[in-house]
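Residue 285 in our numbering sits at position 18 of the sequence shown; the count goes up by one each step and never skips. Glycine included, each C-beta is placed from N, C-alpha and C at the ideal position. Quick caveat, the model's predicted, so the values are computed rather than measured. All remarks here apply to the structure that follows.
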Amino acid sequence: MVALGYRHDRVAALAGAAVLVGALTMLAGLVAAPGPWTEGYVSEAGTTGMPLAVAYRCGLVGLALGVALLGRVLGRDSRPVATLLGLAAVLAGTSGVVPCTSGCPLPPYEPTTVADVSHTVASVIGMVLLAGAMALVALSAPFGPVLRRLATTAVAIIVPLGAALGLTMLLAGRGPLSAGLERAALVVAVSWLVGTSIAAAMIRRTRPAPGPGSRAIVGG
268 MVALGYRHDR VAALAGAAVL VGALTMLAGL VAAPGPWTEG YVSEAGTTGM PLAVAYRCGL
328 VGLALGVALL GRVLGRDSRP VATLLGLAAV LAGTSGVVPC TSGCPLPPYE PTTVADVSHT
388 VASVIGMVLL AGAMALVALS APFGPVLRRL ATTAVAIIVP LGAALGLTML LAGRGPLSAG
448 LERAALVVAV SWLVGTSIAA AMIRRTRPAP GPGSRAIVGG
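Below is the structure:
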């Protein structure tokens with residue numbers, strides 16, 4: 268007999284693995300790009316002509332899959348969190364499928380294209396939704412102290428980082444400051460996704476076994 272809810276630890280573990288592998292693949296694409304990997308927008312690693320452009324995009328799509336899987340796990344305790352993570356996953360996947368052009372130019376400082384704007388809008392809104400999911404987890408008692416502390420820490424860091432990045436992109440455009448802020452925000456986002464996946468998997472795994480009257484299915 269296998270409890271229906273007890274497969275979620277595996278889904279949580281898979282979510283964390285997908286995010287981590289996706290992020291590392293993106294990092295490989297970023298490091299392989301010409302010039303210092305700490306300069307420019309991260310998305311430039313996925314533009315046409317970059318050494319590992321396809322790998323970078325695939326990594327982003329894989330990361331999006333991990334976000335969607337985590338949404339499924341956390342959705343047991345909060346449907347709004349699942350919705351926000353699901354939408355964030357769709358937008359992250361869109362960013363991977365619709366890359367920006369060389370240099371990822373953005374208005375009003377550089378001539379841009381529909382693909383550039385679409386990619387950027389999807390990326391920005393996706394990060395906003397992810398931060399919203401963090402905030403909901405932090406404020407929702409059903410998630411327990413561990414997940415709430417992780418979310419509280421992450422949202423306390425990513426909100427000011429995101430605000431500073433948005434203002435920098437609007438007021439100064441592409442440059443060293445925007446590059447550093449973007450990378451810092453992404454590190455926080457990936458750390459929260461992986462950490463929450465691990466914590467969720469551990470919590471599900473250590474819960475007591477269901478009683479005789481709980482919902483169950485016959486195992487294979």
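Round the Cβ separation of residue i and residue j to the nearest angstrom and send it over; I've been treating them as touching at under 8 angstroms.
i: L396; j: V404; result: L396 to V404, Cβ: 13 angstroms. No contact.
i: A349; j: G360; result: About 16 angstroms; that fails the 8 angstroms criterion.
i: A446; j: G307; result: 6 angstroms
i: T368; j: A389; result: No, T368 and A389 are not in contact; Cβ-Cβ is about 15 angstroms, not under 8 angstroms.
i: A282; j: L336; result: 4 angstroms
i: E311; j: G370; result: 6 angstroms
i: P372; j: P366; result: So it is not a contact: roughly 13 angstroms between Cβ atoms.
i: H275; j: V340; result: 5 angstroms
Kindly indicate which three-state DSSP category residue i falls into: helix, strand or coil?
i: A466; result: helix
i: A300; result: coil
i: T305; result: coil
i: S407; result: coil
i: A456; result: helix
i: R441; result: coil
i: A282; result: helix
Within 10 Å of its beta-carbon, does residue i have 16 or more other beta-carbons around it, so buried, or fewer, so exposed?
i: T380; result: exposed
i: A423; result: exposed
i: G442; result: exposed
i: V298; result: exposed
i: A439; result: exposed
i: A209; result: With the chain covering 268 to 487 only, the question about residue 209 has no answer from this structure.
i: V490; result: Here the chain comprises residues numbered 268 to 487, so residue 490 is not present and cannot be evaluated.
i: G302; result: exposed
i: P479; result: Residue placement at P479 cannot be trusted, given a pLDDT of 45 that sits under 50; the coordinates are not used to answer.
i: L460; result: buried
i: L467; result: Sequence check: residue 467 is Ala here, not Leu. Burial call: buried.
Q. Which runs of the alpha helix (DSSP H) spanning at least 4 residues fall entirely within the region 307-380, listed in chain order?
A. 320-341, 346-364
**Q.** Three or more C-beta pairs below 8 angstroms linking the region 354-364 and the region 383-397
**A.** yes
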